[in-house]
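Colleague: Sending over a structure as structure tokens; questions will come in a sec.
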Amino acid sequence: MCAAISAQEKLQAAMQHKIVPNQEYLLQGSVLDSSKDVLIHRLRGLADNVDEQVETFQDRERVLTLGPVSGQTLTLYVRQAMDVRPGMDQSDTPWTMRYIGQPELGDKSRPTVLRNSIDVGCTPNVLEFLSEMGFKQDYEFMCKGLMFRKGRMKILVYKVYKNKTADNWEPLSMSHVVELSVLAPQGHDAVAEDVRNFAEQLKPLVQLEKTDYRRL
Amino acid sequence: MAEKTVESLSKALDCVQQLRTSVCDVFRYMTEGNSESGDDDTQRKQYVINLKETLNTVTRRLHDVEESVNKLSVPSGAFQLGNTGFLSLDPTLDMQVLYGRLLDSYKWTEKVRDYSAFAVPIWAQNGVKRSQQTALVRKRRMAQTSHCQPPQHVDAILKTIGGTFNGMQLSISRPYGTNSAVVQVDLDHVLKAVITFKGLLIEWVLIRGYDEPMLTEDGRVDLWTPSDYHVFRKVSENAQAAMVHYYGPLYPEFSLRSYLTWIYSYMKLFSEPCVKCGSRLLNAMPPTWRDLKTLQPYHEDCKS
Amino acid sequence: MIIMGFSTLQTFPLIEGLTGPQTLDVLHKRITALGARVSGQFVVDCETYFSAPSLLPGNSQRVLNVLHNTEEPASVFAILEGGAKQPVLVADTLLDALLPKMAVLYTSNKKQTRIESKGNRYEMGDFVVKLGSVTMSGSFKGILVEVCYLACVVPALCWEMVWEFMQSFLGSTVPSTLPPYIQSRQNATFSPTDTIQMYLEKFNEFRKQTVAR
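Chains as they are written, first to last, in the numbering used here: chain R, 1 to 216; chain B, 217 to 520; chain H, 521 to 733.
Next comes the structure, spelled out in structure tokens:
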């Protein structure tokens, strides 16, 4: 009969052994709406998870900030799945809270953007909870599109919508965003190579590169 | 002459009865002992004295029995059954035991006739029979149709019966064919039951807790997985026993109504105490048995 | 959705002349004499963080309590006190990884850090009993007894039965009325967040005890 180990001790042990996936390797690009179909055909050929239909997703994301206190602010992204599968009702859909850290600078030879990312699943009352804590909503947007998977990589092709008035969603631009990402624990830098190789295969259709967020 | 024999016989039987009572007294006294208080020595002496008294009563009664038996006369001659008495005169070795056996079987059949004459009026009080044959009349058996009713008829009956119980919801589905309805019973946050029918006859019942899933992974109603909780496994067993008890193919609506009434009595599974022992818990279980006639709650070990 | 059944929580006063561990021993003997068997250990712990003073308008303060329960090992509970409402957030274990990021905004007070209830878990039929000794920063504070009846989810239906069970090994220290937290919810379905809120209430009581002394 082993003694009960508290959850915190377990998490610390996991982080020490570097098995908690909290680093995101990312490449982004965009494609015009008119050329989107060609890209999707190519992705369907390359990706793993396409049997009959491609997986679609529709997420509503809100960005909340807390602070500033002593110059520090905290930004959290709260995502809610909007596409209701048959058999589930809206109150059962999963919500996630995401913390995205600053991208790591310095290593110009690294092919992808590397940033700290923590994804926490939670109950639907997370908005109320965070606003009680003092978080304020900066803005929100909706993403609607398709998801592909290749090994550990996740490829998203989606369109961003913005609401000027409540529930009146309009597309933000005439193109779709393409994102290639992998969530891995610290130190698995070889993953970045795989991401770059996959990006090469999409080269003439879409240019995926690491965006320098400071320049935006 | 006959009356005297009867009188002396009854006296002898009385004496035997008294003898048996006094022997019982002896044994009871030996087990229970002396209930008077006092210090040990006097207690022991008193115990021995009382025991001797009871044994003396026994010897006296035995004496009485012997006296009354001696007064009785031995019955005259061999018992004869009319002309069959001549069988006893057959000198062949094989045939000699025949007459004795004949007499024995005659006595036995006479006793059977007497006892069944007593039993018939008692059993006839229960009017709901399972089979259809009456003792004397032999008409052609009426075709039993309760196992193949049209689905609308089954639905209508279930709705009417289900509507009379406040707090019990029935939902009917037919995932396994039109003749077998699967009814999910929801008893007001206490339990959930799934009953499978064949026409109007109940085939299978399973009872689970309120928070347990009723559907399998692919969305069908789960008929087989037993409950995770001990209390509902016990209630399921009892429900299956009750299903057999209330089985009445000749009066299907009546038996269905009685069965649902029995299940409805489980509404207060966790709050009613057992009528026999008065407490709610015995071996960490609430009263899981409901009497089949009076619907009162009993613990598993309290139902006698 | 798996609901855990109905739990009730109670402090058990120390027996005259015995220390905390000795009292727990007495309870252990009583409950194993009834027929329960030990089925492992449990830990319920709570860390508290206080919001930075300049964070919220009007200088009001919020207290963030983060609780873990080995009964729900994949979840972390966060309860916020101080405001008009007291929302409870249930998230998965990565929430603990997020807390250090908030270190400046919500700090943990060095005086009152971790309080936990730790001990044996017993099973008897459909009952689960947890006898925990409450410690804060290593010092013993008291004994918390949690009794859980798995088969029923509505407190009002089975309270008397649970009370009978508790009396059989806790004696007359059991109050005959429902705990105040459950009274307002006795006809609703019980869920693990209700258990956690009761634990928080008791932990806060234990914390106040030290301040009084």
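Each residue gets a CB set at the ideal place from its N, CA and C atoms; glycine is no exception. Fair warning: this is a prediction, and the values are worked out from it, not measured in the lab.
1. List the endpoints of the continuous alpha helix (DSSP H) containing Thr504 of chain B.
2. How about Val281 of chain B and Leu235 of chain B: do their beta carbons lie closer than 7 Å?
3. Just to confirm the assignment, what range does the alpha helix (DSSP H) spanning Ser452 of chain B have?
4. With three or more beta-carbon pairs closer than 8 Å as the criterion, would you say the segment 620 to 628 of chain H touches the segment 565 to 580 of chain H?
5. By alpha-carbon positions, which one of B:His369, B:Arg436 and B:Pro503 ends up nearest to Cys518 of chain B?
6. DSSP puts Asn116 of chain R in a beta bridge; with which residues?
7. For Val178 of chain R and Val160 of chain R, which I take to be in contact (beta-carbon distance under 8 Å), what is that distance rounded to the nearest angstrom?
8. Provide the residue span of the alpha helix (DSSP H) that contains Thr552 of chain H, from first to last.
9. Is the segment 537 to 551 of chain H touching the segment 703 to 719 of chain H in the sense that three or more CB pairs, one from each, lie closer than 8 Å?
10. On a Cα-Cα basis, can you pick out the residue from H:Gly652, H:Val667 and H:Glu601 that is closest to Glu128 of chain R?
11. Take the Cβ of Pro700 of chain H as the centre, count every other Cβ of all protein chains shown within 10 Å, and call the residue buried at 16 or more, exposed below.
12. Got a sec, what are the start and stop residues for the alpha helix (DSSP H) Arg276 of chain B sits in?
13. Quick check on Trp420 of chain B: does DSSP put it in helix, strand or coil?
14. If we require 4 or more residues per run, which alpha helix (DSSP H) segments fall completely within the segment 354 to 415 of chain B?
15. Taking only the alpha-carbon atoms, compute the straight-line gap between Met153 of chain R and Thr56 of chain R and give it to the nearest angstrom.
16. At a Cβ cut of 7 Å, what residues of the segment 551 to 565 of chain H count as close to chain R, listed as they run along the chain?
17. Helix, strand or coil: which one does DSSP assign to Leu352 of chain B?
18. Helix, strand or coil for Val222 of chain B? Go by DSSP, reduced to three states.
19. Can you tell me whether Val191 of chain R is buried or exposed, with buried defined as 16 or more other CB within 10 angstroms of its CB?
20. Could you work out which residues of chain H lie near Gly425 of chain B, taking near to mean beta carbons separated by less than 7 Å?
21. When burial is assigned at 16 or more other CB atoms within 10 Å of the CB, is Arg277 of chain B buried or exposed?
22. Return the chain-ordered list of same chain residues with a C-beta closer than 6 Å to the C-beta of Met656 of chain H, the five sequence neighbours on each side being excluded.
23. Give me the DSSP bridge partner(s) of Pro103 of chain R.
24. To which residues of the same chain is Cys678 of chain H closer than 7 Å at the C-beta, ignoring the five residues directly before and after it?
25. Taking Cβ to Cβ, would you say Leu217 of chain R is nearer than 7 Å to Gly29 of chain R?
26. Using DSSP with H/G/I as helix, E/B as strand and the rest coil, what is His515 of chain B?
27. What runs of the beta strand (DSSP E), each 3 residues or longer, lie entirely inside the segment 657 to 726 of chain H?
28. Using DSSP with H/G/I as helix, E/B as strand and the rest coil, what is Asn640 of chain H?
29. Scan the segment 493 to 506 of chain B for residues whose Cβ lies nearer than 9 Å to a Cβ of chain H and list them as they occur along the chain.
Modeller: Reading from the atomic positions:
1. Residue 504 of chain B sits at position 288 when you count from the first residue of the second sequence. Element bounds for Thr504 of chain B: n/a, residue is neither H nor E.
2. Here residue 281 of chain B corresponds to residue number 65 of the second sequence, with the count starting at 1. Here residue 235 of chain B corresponds to residue number 19 of the second sequence, with the count starting at 1. Yes, Cβ-Cβ distance for Val281 of chain B and Leu235 of chain B is below 7 Å.
3. The count along the second sequence starts at 1 and reaches residue 452 of chain B at position 236. Ser452 of chain B -> alpha helix (DSSP H) spans His446 to His461.
4. yes
5. In the second sequence, residue 518 of chain B corresponds to position 302, counting from 1. The shortest C-alpha separation from Cys518 of chain B is found at B:Pro503.
6. Position 116 of the first sequence, counting from 1, holds the residue named residue 116 of chain R. According to DSSP, Asn116 of chain R bridges with R:Gln23.
7. By 1-based counting over the first sequence, the position of residue 178 of chain R is 178. By 1-based counting over the first sequence, the position of residue 160 of chain R is 160. Their Cβ separation, rounded to whole angstroms, is 12 Å, which puts Val178 of chain R and Val160 of chain R out of contact at 8 Å.
8. Numbered from its first residue, the third sequence carries residue 552 of chain H at position 32. Where Thr552 of chain H is concerned, the enclosing alpha helix (DSSP H) stretches over Gly540 to Leu554.
9. no
10. For the purposes of this step, residue 128 of chain R is taken as the residue at position 128 of the first sequence. Comparing Cα positions, the closest option is H:Glu601.
11. Your numbering for residue 700 of chain H matches position 180 in the third sequence. Burial call: exposed.
12. Position 60 of the second sequence, counting from 1, holds the residue named residue 276 of chain B. Start and end: Asp256 to Lys287.
13. Taking the second sequence and counting its residues from 1, the one referred to as residue 420 of chain B is at position 204. Residue state, collapsed to three classes: strand.
14. 367 to 379
15. Numbered from its first residue, the first sequence carries residue 153 of chain R at position 153. Numbered from its first residue, the first sequence carries residue 56 of chain R at position 56. If I take the Cα positions, the gap works out to 16 Å.
16. Gly560, Gln561, Phe562, Val563 and Asp565
17. Locating residue 352 of chain B in the second sequence gives position 136, counting from the first residue. Bear in mind that a pLDDT of 49 at Leu352 of chain B, under 50, signals an unreliable position, so the model cannot answer this.
18. As a working mapping, residue 222 of chain B is identified with position 6 in the second sequence. Reduced to three states, the DSSP call for Val222 of chain B is helix.
19. Counted from its first residue, the first sequence places residue 191 of chain R at position 191. Classification for Val191 of chain R: buried.
20. Within the second sequence, residue 425 of chain B is the residue found at index 209, counting from 1. Result: Ala671.
21. Along the second sequence, one-based indexing puts residue 277 of chain B at 61. By the 10 Å Cβ count, Arg277 of chain B comes out buried.
22. In the third sequence, residue 656 of chain H corresponds to position 136, counting from 1. Here the set comprises Ile635.
23. Start at 1 with the first residue of the first sequence, and residue 103 of chain R comes out as number 103. Per DSSP, R:Arg115.
24. Translated into positions along the third sequence, residue 678 of chain H becomes position 158. Here the set comprises Phe526, Tyr669 and Cys672.
25. In the structure as shown, chain R starts at 1 and stops at 216, and residue 217 of chain R therefore has no counterpart that could be examined.
26. The count along the second sequence starts at 1 and reaches residue 515 of chain B at position 299. His515 of chain B falls in the coil class under three-state DSSP.
27. 659 to 669
28. In the third sequence, the residue the question calls residue 640 of chain H occupies position 120. Strand at Asn640 of chain H.
29. Ser495, Arg496, Leu497, Asn499, Ala500, Met501 and Pro502
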